[in-house]
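Residue numbers (this note's numbering): 8 to 525. The structure under discussion appears below in the form of structure tokens.
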């Protein structure tokens, strides 16, 4: 059953592509696969990355895109195409993003070469890495980047940003139904349909109730997805017309209510903290906010090492809410401190895989748990991997914030950046980097390549040349089409703006125009 569902997904993708536009088909294929397909089921082949719910959809989409050529006027297979919003090629043009790719490839190679020694902790012995592992690590990393390439190619245009937000909202709205069922009846849908529970059952019993998981790997991932859906819904309420504004507000409120009932404090806090940014701030304020979040995320290991992050105060705030929350948060911080101390022994390329980055006691027992994506990256691959992994997520937002005016960034794009920033904040305590995360990051990177779009937004104090709006209505020129630069053009309230603009350009005629103006 589970294997059949995974292997049949490429056929479903082909049907979606022939029924929808490419951007919508890509978004639906990736989001639906993430929410529906079973976890912990994968196919391992020699020299190939594991084929699972995260890799099968994106590999199928890449192969179909290479065959059907959606960036051309014609394709081999029939499909609804929109070449104007599809970027040509697959490689980003930004030198900084390409630098992240270089750090990823070179960092994996150096991690394998510098970790050939065997690690022994009492009776526990961990093998060293082989040069072959560098190839496997690089191939796995590039496979995880495939959603980024798809996002850059199909979701760079602001119109497709709105499409991506709508898919997140509709998917979140539909997913509230099984989530509410598990809130009431316990997390059991994955067991009934796929025959196994993907995580620890005890972690999903909270406050005398249940934390839903549906078909995801953990309830925290479900809460993160709901928070992104809430922000997308409230963001769309600002960019849609009045007819649909209240509809998106109601959908956002419903998803937020489901999130509040899910017993996931972190996801609820993320949604509540970012909601005012989405609902109140305009483009400039939102882009400044996401730039600050990006800088904090990119430099977080330095901030933690320098004790700038107020961990003790955060634990005290958590105690006000619940002792269990405070103990859980303190447990995370203590493990991060141990792992960060060990990571500093090999800061550039890390310790590699096989659990070599963990801390063991004298009896060979692993006494650490790596939960945050940031500590997993820097302890396993050092600064090279950390900058590569988080640079791909943060650099597009930083560049877009820097070029906000010159690129005429619109509200729908800045809202998508806020959604990604919320996901980035979750990567600090949790490991919530999903294909949806990479898809959104790729969409923002694609927006950089479109450059300036639409008419220039007039800033306060700018002088703009007026447009000719036709002949001025008068008895002498009725029914004619006289250009305002001709001698026959009469001065009226309709041509005064044009004449005043010409007066600024030709100072010698100011007195004559002043006498003739009305």
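Glycine included, C-beta positions come from ideal geometry on N, C-alpha and C.
Separation of residue 18 from residue 24, as counted between CA atoms: Walking along the chain shown from the start, residue 24 turns up at place 17. Walking along the chain shown from the start, residue 18 turns up at place 11. Using only the alpha carbons, I get a separation of about 10 Å.
Report yes if the C-beta distance between residue 222 and residue 180 is below 9 Å; otherwise report no. Translated into the one-based positions of the chain shown, residue 222 becomes position 215. Translated into the one-based positions of the chain shown, residue 180 becomes position 173. No, they are not a contact pair.
Can you give me the Cβ contacts of residue 362 inside the same chain, cut-off strictly under 8 Å, excluding the 5 residues immediately before and after it? Taking the first residue of the chain shown as position 1, residue 362 is located at position 355. Cβ neighbours of residue 362 beyond the five flanking positions: 133, 373.
Bridge partners for residue 362 per DSSP, in chain order? As a first step, residue 362 must be located in the chain shown, where it is residue number 355. For residue 362, DSSP assigns no beta-bridge partner whatsoever.
Under a Cβ-count criterion, where at least 16 other Cβ atoms within 10 Å of its own Cβ denotes burial, should residue 207 be classed as buried or exposed? Residue numbering aside, residue 207 sits at position 200 when the chain shown is read from its first letter. The residue is exposed, with fewer than 16 neighbouring Cβ atoms inside 10 Å.
Suppose the cutoff is 6 Å on Cβ atoms and the five residues either side in sequence are ignored; what does the same chain contact list for residue 9 look like? Your numbering for residue 9 matches position 2 in the chain shown. So the qualifying residues of the chain are 45, 48, 201.
Residues sharing a beta bridge with residue 216, DSSP: Within the chain shown, the letter at position 209 stands for residue 216. Per DSSP, 213.
Would you decide whether residue 314 is buried or exposed? Buried here means 16 or more other CB atoms lie within 10 Å of its CB. Residue 314 sits at position 307 when you count from the first residue of the chain shown. So residue 314 ends up on the exposed side.
If you count every other CB in all the chains shown that lies within 10 Å of the CB of residue 226, and 16 or more means buried, which is it? For the purposes of this step, residue 226 is taken as the residue at position 219 of the chain shown. By the 16-neighbour rule on beta-carbons within 10 angstroms, residue 226 is buried.
Is residue 36 helix, strand or coil when you go by DSSP? Position 29 of the chain shown, counted from the start, is the residue given in the question as residue 36. In the structure shown, residue 36 sits in a helix (DSSP, three-state: H, G or I).
Output the distance between the C-alpha atoms of residue 350 and residue 387, rounded to the nearest integer angstrom. Indexing the chain shown from 1 puts residue 350 at position 343. Indexing the chain shown from 1 puts residue 387 at position 380. In a straight line, the C-alpha of residue 350 is about 8 Å away from that of residue 387.
Cβ-based neighbour list, residue 406, same chain, cut-off 6 Å, excluding 5 preceding and 5 following: One-based indexing of the chain shown puts residue 406 at position 399. 455.
May I ask which residues mark the beginning and end of the beta strand (DSSP E) holding residue 133? Residue numbering aside, residue 133 sits at position 126 when the chain shown is read from its first letter. It spans 131-133 - the beta strand (DSSP E) in which residue 133 sits, taken as one unbroken run.
Where are the beta strand (DSSP E) runs, 3 residues long or more, that stay fully inside the region 255-291, in chain order? Within the region 255-291, no run of beta strand (DSSP E) at least 3 residues long lies entirely inside it.
State the Cα-Cα distance for the pair residue 241 and residue 425, rounded to the nearest angstrom. For the purposes of this step, residue 241 is taken as the residue at position 234 of the chain shown. For the purposes of this step, residue 425 is taken as the residue at position 418 of the chain shown. So the two alpha carbons sit approximately 12 Å from each other.
Smallest Cα separation from residue 279: which of 376, 174, 263, 146? Locating residue 279 in the chain shown gives position 272, counting from the first residue. Measuring from the Cα of residue 279, the nearest candidate turns out to be 263.
Could you work out which residue in 101, 52, 39 is closest to residue 453 when comparing CA atoms only? Start at 1 with the first residue of the chain shown, and residue 453 comes out as number 446. Of 101, 52, 39, the residue nearest in Cα terms is 101.
Residue 114 to residue 356 span [Cα, whole Å]: Along the chain shown, one-based indexing puts residue 114 at 107. Along the chain shown, one-based indexing puts residue 356 at 349. Cα to Cα, the separation comes out at about 6 Å.
Residue 167 to residue 257, Cα distance in whole Å? Here residue 167 refers to the residue found at position 160 of the chain shown. Here residue 257 refers to the residue found at position 250 of the chain shown. Taking the Cα positions, residue 167 is about 23 Å away from residue 257.
Keeping to the same chain, check which residues put their C-beta closer than 6 Å to that of residue 545; ignore five residues upstream and five downstream. The structure shown does not extend to residue 545, since the chain spans only 8 to 525, so no value can be given for it.
Output needed for residue 156: all residues of its chain with C-beta closer than 6 Å, excluding positions within five of it in sequence on either side, in chain order. Position 149 of the chain shown holds residue 156. Hits under 6 Å: 97.
Just to check, is the beta-carbon of residue 431 closer than 8 Å to a non-hydrogen atom of the ligand MG? Looking for the ligand MG in the displayed structure turns up nothing, as the structure carries no ligands at all.
Please state whether the Cβ-Cβ distance between residue 144 and residue 360 is less than 9 Å. Stepping through the chain shown from its first residue, residue 144 is reached at position 137. Stepping through the chain shown from its first residue, residue 360 is reached at position 353. Yes, they are a contact pair.
With a cut-off of 8 Å on the beta carbons, I'd call residue 333 and residue 326 a contact; round off their distance for me. Here residue 333 refers to the residue found at position 326 when the chain shown is read from its first residue. Here residue 326 refers to the residue found at position 319 when the chain shown is read from its first residue. Between residue 333 and residue 326, the beta carbon gap of about 4 Å places them in contact (Cβ cut-off 8 Å).
If you reduce the DSSP assignment to three classes, tell me which class residue 435 lands in. Residue numbering aside, residue 435 sits at position 428 when the chain shown is read from its first letter. Correct three-state label for residue 435: coil.
Would you tell me roughly how many angstroms separate the C-alpha atoms of residue 170 and residue 128, rounded to the nearest one? The residue labelled residue 170 in the question sits at position 163 within the chain shown. The residue labelled residue 128 in the question sits at position 121 within the chain shown. Between residue 170 and residue 128, the C-alpha separation is close to 52 Å.
Using the beta-carbon count (16 or more within 10 Å), is residue 198 buried or exposed? For this step, residue 198 is matched to residue 191 along the chain shown. Exposed, because fewer than 16 other Cβ atoms sit within 10 Å of the Cβ of residue 198.
First through last residue of the alpha helix (DSSP H) which encompasses residue 52: Here residue 52 is taken as the residue at index 45 of the chain shown, counted from 1. Residue 52 -> no alpha helix (DSSP H), and no H or E assigned at all.
Quick one: any contact between the region 25-38 and the region 59-74, if contact means 3 or more CB pairs under 8 Å? Taking 8 Å as the limit for Cβ pairs, the verdict is that the region 59-74 does touch the region 25-38.
Terminal residues of the continuous beta strand (DSSP E) containing residue 126? What you label residue 126 is simply residue 119 of the chain shown in a count that begins at 1. Start and end: 126-128.
Less than 9 Å between the C-beta atoms of residue 431 and residue 397, yes or no? Residue mapping note: residue 431 aligns to position 424 of the chain shown, counting from 1. Residue mapping note: residue 397 aligns to position 390 of the chain shown, counting from 1. Closer than 9 Å, so yes.
Report the option in 148, 353, 316 whose CA atom is closest to the CA atom of residue 109. The residue you call residue 109 lines up with position 102 of the chain shown. The residue with the shortest Cα to Cα distance from residue 109 is 148.
If the criterion is Cβ atoms closer than 9 Å, does the pair residue 234 and residue 281 meet it? If you number the chain shown from 1, residue 234 lands on position 227. If you number the chain shown from 1, residue 281 lands on position 274. Cβ atoms of residue 234 and residue 281: closer than 9 Å.
Among residues of its own chain, excluding the 5 on either side of residue 420, which ones have a beta-carbon nearer than 7 Å to its beta-carbon? Within the chain shown, the letter at position 413 stands for residue 420. In the same chain as residue 420, and ignoring 5 residues on each side of it, the C-beta atoms closer than 7 Å to its own belong to 165, 168, 454, in chain order.
Nearest by alpha-carbon distance to residue 295: which of 205, 259, 416 is it? Against the chain shown, residue 295 aligns to sequence position 288. Just measuring C-alpha positions, the residue of 205, 259, 416 sitting nearest residue 295 is 416.
Would you kindly work out how many angstroms separate the C-alpha atoms of residue 204 and residue 259, rounded to a whole number? By one-based count along the chain shown, residue 204 stands at place 197. By one-based count along the chain shown, residue 259 stands at place 252. Rounded to whole angstroms, the gap between the alpha carbons of residue 204 and residue 259 is 29 Å.
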